[in-house]
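At position 333 of the sequence shown the residue is numbered 1783 (this note's numbering), and the sequence of numbers has no breaks.
We put the beta carbon where it would ideally sit given N, CA and C, even for glycine.
Working notes, structure below.
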Amino acid sequence: MENFLQELNPEQRSAVKHTEGPSMVIAGAGSGKTKVLTYKIAFLLSKGINPFNILALTFTNKAAREMKSRITNLVGNDGHNVWMGTFHSVFSRILRVDGNLLGYQSNFTIYDTNDSKSLIRSIVKELNLDSKVYTANNILGRISSSKNNLISAKAYNTNNELLLADKASGKPFIGQIFTIYTNRLAKANAMDFDDLLYNTNLLFRDFPEILYKYQMQFKYVLVDEYQDTNFAQYLIIKKLSANNENICVVGDDAQSIYSFRGANIQNILNFKNDYPDYSIFKLEQNYRSTKTIVNAANGVIAKNKDQIQKEVWTSNEQGNKIPVLKAATDSEEGIMIAESIFETKMNLQVQNKEIAILYRTNAQSRSIEDALRKKNIEYKIYGGLSFYQRKEIKDLLSYFRLIINENDEEALLRIINYPVRGIGKTTIQHITIAAEKENVSMWEIIQHPEKHPLPVSSTAQKRVSQFVTMINSFKAQLNKLDAYELAKQVASATTLLRTLNEDKTPEGVSKFENIEELLNAIYEFTTHNNNLEDKLLPLFMQDVALLTDQDNDDKNESNKVSLMTIHASKGLEFPYIYIIGLEENLFPSAMSMNTRSELEEERRLFYVALTRAEKRVSLSYAENRYKWGNLTSNRPSRFLKEIDPLFLDQATVSKTLSSGKSLRKFNKTKAFSDTKGYTKMSPTKSVSKNMKAISSATPKSSSSFPPTDIQNIVVGITVEHQRFGKGKIINIEGNQSNKKATVFFPGIGQKNLLLKFAKLKIVK
1451 MENFLQELNP
1461 EQRSAVKHTE
1471 GPSMVIAGAG
1481 SGKTKVLTYK
1491 IAFLLSKGIN
1501 PFNILALTFT
1511 NKAAREMKSR
1521 ITNLVGNDGH
1531 NVWMGTFHSV
1541 FSRILRVDGN
1551 LLGYQSNFTI
1561 YDTNDSKSLI
1571 RSIVKELNLD
1581 SKVYTANNIL
1591 GRISSSKNNL
1601 ISAKAYNTNN
1611 ELLLADKASG
1621 KPFIGQIFTI
1631 YTNRLAKANA
1641 MDFDDLLYNT
1651 NLLFRDFPEI
1661 LYKYQMQFKY
1671 VLVDEYQDTN
1681 FAQYLIIKKL
1691 SANNENICVV
1701 GDDAQSIYSF
1711 RGANIQNILN
1721 FKNDYPDYSI
1731 FKLEQNYRST
1741 KTIVNAANGV
1751 IAKNKDQIQK
1761 EVWTSNEQGN
1771 KIPVLKAATD
1781 SEEGIMIAES
1791 IFETKMNLQV
1801 QNKEIAILYR
1811 TNAQSRSIED
1821 ALRKKNIEYK
1831 IYGGLSFYQR
1841 KEIKDLLSYF
1851 RLIINENDEE
1861 ALLRIINYPV
1871 RGIGKTTIQH
1881 ITIAAEKENV
1891 SMWEIIQHPE
1901 KHPLPVSSTA
1911 QKRVSQFVTM
1921 INSFKAQLNK
1931 LDAYELAKQV
1941 ASATTLLRTL
1951 NEDKTPEGVS
1961 KFENIEELLN
1971 AIYEFTTHNN
1981 NLEDKLLPLF
1991 MQDVALLTDQ
2001 DNDDKNESNK
2011 VSLMTIHASK
2021 GLEFPYIYII
2031 GLEENLFPSA
2041 MSMNTRSELE
2051 EERRLFYVAL
2061 TRAEKRVSLS
2071 YAENRYKWGN
2081 LTSNRPSRFL
2091 KEIDPLFLDQ
2101 ATVSKTLSSG
2111 KSLRKFNKTK
2121 AFSDTKGYTK
2131 MSPTKSVSKN
2141 MKAISSATPK
2151 SSSSFPPTDI
2161 QNIVVGITVE
2171 HQRFGKGKII
2181 NIEGNQSNKK
2191 ATVFFPGIGQ
2201 KNLLLKFAKL
2211 KIVK
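Following this line, the structure appears as C-alpha cells:
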C-alpha cells in the first residue's frame, strides 16, 4: 500500500508521513514540492482517511488537475473526491452552498478583472469624474487591496487615514466609487475575485455554525505556495484548521514575489509563531538545475536578511558557466539574444519550446520580438491576451452569463444589441436610468414592461421584448440540455455565428474559428462527465470564471520560444533561459528600492528567474535603453555582482564589472554552446563585425572627451562618440532637449542617438 513512498528521498518521505499536527515544508526550487503534496494526500487516502475530509488549496487550476490525476494513479478514484482546487474555486463552491446567508443566490456571477474595470468606468462616468484621474486600474487596485485586508466599502468610508490619503492623491471620491461598485455587484448578484475571499471570511465571522461545519469536515488542510498567501487567505486557513490543527503548508520564502498582489511573506516566516509545536521539513535537493545554476542562485539569495535558512544542493552535472552579454542598446541586446538562440538551436538540436526569455517589464519584449522575427524564430508572449478575454469569446460567454444569472448587468449591456438588433443607445439609457431610479435590476425593467413602462417607441419596445423572449427560451433549456447542446443553440439562434461567418476578412475568419474552438472546449467538458447535472452550462462557466493566467496556455502554440515576465514564469521550467535587462533601475526596479524589504523581493525575483533554468541560463544588459522616448544610460544590475565570479563565464565578463565597465566580448562568447564536443557559437558576419568594431573602440573618460554643444551639431558634419568612434550625421529630428541624430559609424552602421545623452564631439 505504501510502496509508492519508495519513490521519495528521505526528507520528502518524512514530510509525507507526518500527518498529525501542524507542519511546514520548506521546498527549495526544483526540489519536488508538488510531488510531496501529491504523495501526502495519497498517503492520507491510503491510511483510510475520507477524501471529503481533506482540503488542498493551490494557486492554479492546472496544478490542482495535475495533482488529482497523479493521486488517482497512485491510490485510485478516491483522489477525485478530495476537496482540491484554487482558493477562489474552493471558496466559490462554499459560497454557492452557503452564500444565501450573505444575500447571494447560488447562481451568482463571478466578474473577471475586465468586467470590474468596465463597471468602474461606468460609475466614474456617471459621477462626472475625470477618467484620466480616476483610472479603472487604479481604482480597482485600491478596492482590491482593501478587500484583501478585509476592509469593506462602509469601513473604508469611515477610515480617516484612507480618506485623507485619497484626498492627498487628488482622488477624494474613491470611497464613493467603492460604495457604488459594491452596491452594483450586489444588485447584479455578482462577486469579483476578491469577494470570493472577502465573503468567505464574512461568512465564517458572522455565522460560527457554518465555520464549525467546515472545521468538522476538513480534518486535514494542505496549502501549496504558502508564501504567496495574502491576509484574507491566511485568516481563512487559520480558522478552518483551528479545531484539528492538522495543517501542512508547503512553500519557499525565497520565492515570495507577489507583494503587489497582497501576498505577505510574513505568513510563512511567522508560521512558527502561529503553531509553536510545528514540525519543519526542508527539501533542499534540487532535481531541476545544474550545479552552476543552483550555486549561483544560492549565492544571490544569501544576501537577503529575511529568510528561512536552507542550503539547496544538487547531484546534477556541473553544467556550463553563465555568460553575461553586454549590448550597447536594447535593440542590440535583442539581436544578440536572437543570434544566440539561433546558434543554440542549430548546434544542440534544441526546439523552440525548450527556450524562454524572461524580463522584468512587459515593455522589454518589443526589441526581442523584432529580433526574433528577423531570424524567423517563432515565439509566443506568455500571459498575453488569453483566449477567454478575446472580444468574440466574451460576447458569447456574456449570453451564457445572462442565461444563468439574469441580473448580470455587465453581460446584459454587452449583448442586448449584439449582434445588432435595433436596440439603440437611447433605449439602453432609458433602461439603465429606470433601473437606477427604481433600484431594481435592468432585467426586471425589460422583463416586466407593464410594471416599468419606458419612454421609448413601440418598435424599440418590441425589439426589447423579442430579446427577453429569446433569453427566456434559453433559460428554459438550462437544466434540460448539456452545456454543448445549449451553447450551440445560443451561438446559432443569436445569429452570432452567422454574423462572424459573413466577415471574410482574416480577422473575421479568426474570430469565427475562435468561436468554434470555444464550442470544442465546451464539448470536451461535457465528454468528461457522465451525469447530466455535471454537464450543465453553469458548471462550465464556473470553471472559465476561475481560470488563472497559467491555466490559459495555448496548446496549439507549443513549439515556440516563450517570452514572459519573471512574475509569470513562477512555477515553470525550461532547459534554456535568457534573463534580459539586468540594469540598475530596471532590475532591480527603481520603484522597488525604497526599503530593504522591497529590494529583497526584487532579489527573490532574480532568484526565481535563475532557478527556472534546467541546463543553462544566460544574462544580458544594455548600456543604453529607450524609456519614454528618451535614450537613457544604464549601469549593470547589482545582482550581476552578487553572483560568485566562479560561476560566470569570464570570457564574457570584465574583471571590472563591479565598476560598471565590463568589456563586450560577444564574438568570443560560448553562450549556450557546449564545451564537450559541440560547435562553438559564432555570430553572423554582420553582428560579429558590429561587435568587433564596438569592442575594439577604446572608451575615453569624460574629462578627456569634452562633448560639443548640441546646438552646433548639424547634418553632414563628422562627430566622434566615446564608444562607437567617428561617424557622420545623416539626419536630425526633434528640437531642444529631445533632438535626435542619426549617425553612420563605419563598420558599425546607423545609430539613432538622443543628443542630450550621446555626448558627441565634432571632429575638425
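By the neighbour-count criterion, in which a residue is buried when 16 or more other Cβ atoms sit within 10 angstroms of its Cβ, Arg2053 is buried. As the crow flies, the alpha-carbon of Leu1646 is around 8 Å from that of Leu1545. Note on Pro1472: 16 or more other CB atoms within 10 angstroms of its CB, so buried under the neighbour-count rule.
In the DSSP assignment, Asn2074 falls outside any alpha helix (DSSP H) and lies within the beta strand (DSSP E) extending over Ala2063 to Lys2077.
No Cβ-Cβ contact shorter than 9 Å links Ala1586 with Ile1560. For His2171, the uninterrupted beta strand (DSSP E) segment begins and ends at Thr2168 to His2171. In the three-state reduction of the DSSP assignment, Lys2201 falls in the strand class, which pools E and B. For Leu2055, the uninterrupted alpha helix (DSSP H) segment begins and ends at Arg2046 to Leu2060. If you draw a straight line from the Cα of Asn1720 to the Cα of Gln1759, it is about 14 Å long. In the structure shown, the three-state DSSP call for Asn1922 is helix.
If the five residues before and after Tyr1631 are omitted, its C-beta is found closer than 7 Å to the C-beta atoms of Leu1569, Ile1570, Ile1573 and Ile1593, all from its own chain and listed in chain order. Judged by DSSP in its simplified three-state form, Ile1715 adopts coil rather than helix or strand. Within the segment 1760–1836, the runs of beta strand (DSSP E) that reach at least 3 residues and sit entirely inside it are, in chain order, 1774–1779, 1805–1809 and 1829–1831. Taking C-beta separations shorter than 8 Å and ignoring five residues to either side along the sequence, the partners of Pro2025 in its chain run Val1800, Glu1804, Ile1805, Ala2063, Glu2064, Lys2065 and Arg2066, following chain order. Excluding five sequence positions before and after Leu2032, the CB atoms of its chain that fall closer than 6 Å to its own CB belong to Leu2069, Tyr2071, Ser2087 and Leu2090, given in chain order. Rounded to whole angstroms, the gap between the alpha carbons of Phe1657 and Arg1864 is 37 Å. Residue environment: Val2165 is assigned as exposed (fewer than 16 neighbouring CB atoms within 10 Å of its CB, all protein chains considered). Annotation: Met2041 is outside any beta strand (DSSP E) and is labelled neither H nor E by DSSP. Judged by DSSP in its simplified three-state form, Asn2181 adopts strand. Per DSSP, the beta-bridge partners of Trp1533 are Leu1505. Going by DSSP, Val1744 is part of the alpha helix (DSSP H) stretching over Lys1741 to Ile1751. Here Glu1659 carries a helix assignment [DSSP, helix/strand/coil].
Collapsing the DSSP output to three states places Leu1612 in a helix. Comparing alpha-carbon positions, the option among Ser1566, Trp1763 and Asn1531 lying closest to Ser1481 turns out to be Trp1763. Taking one beta carbon from each stretch, the segment 1611–1619 and the segment 1500–1518 have fewer than 3 pairs nearer than 8 Å; the two do not touch. If you compare the alpha carbons of Asp1858, Ser1602 and Lys1795 with that of Leu1635, the shortest gap goes to Asp1858. For Lys2176, the three-state secondary structure derived from DSSP is strand. With a 10 Å radius around the Cβ and a threshold of 16 neighbouring Cβ atoms, Ala2208 comes out buried.
Check the Cα spacing between Asn1564 and each of Asn2044, Phe1623, Leu1590 and Asp2094: the tightest is with Leu1590.
Here Asn2035 is not near Asn2074, since their CB atoms are 9 Å or more apart. Put simply, of Leu1936, Thr1909 and Asp1932 the residue whose alpha carbon is nearest the alpha carbon of Asn1922 is Leu1936. Pairing Ile1627 with Leu1577 gives a Cβ-Cβ distance under 9 Å. As summarised for the segment 1565–1638, the continuous alpha helix (DSSP H) elements at least 4 residues long and confined to that stretch are 1586–1598, 1603–1606, 1610–1618 and 1624–1637, given in chain order. For Lys1753 against Glu2092, the beta-carbon gap comes to about 6 Å, under 8 Å, which counts as contact. Glu1782 counts as buried, since at least 16 other C-beta atoms from the protein chains shown sit within 10 angstroms of its C-beta.
In the DSSP assignment, Ser1473 falls within the beta strand (DSSP E) that extends over Ser1473 to Ala1477.
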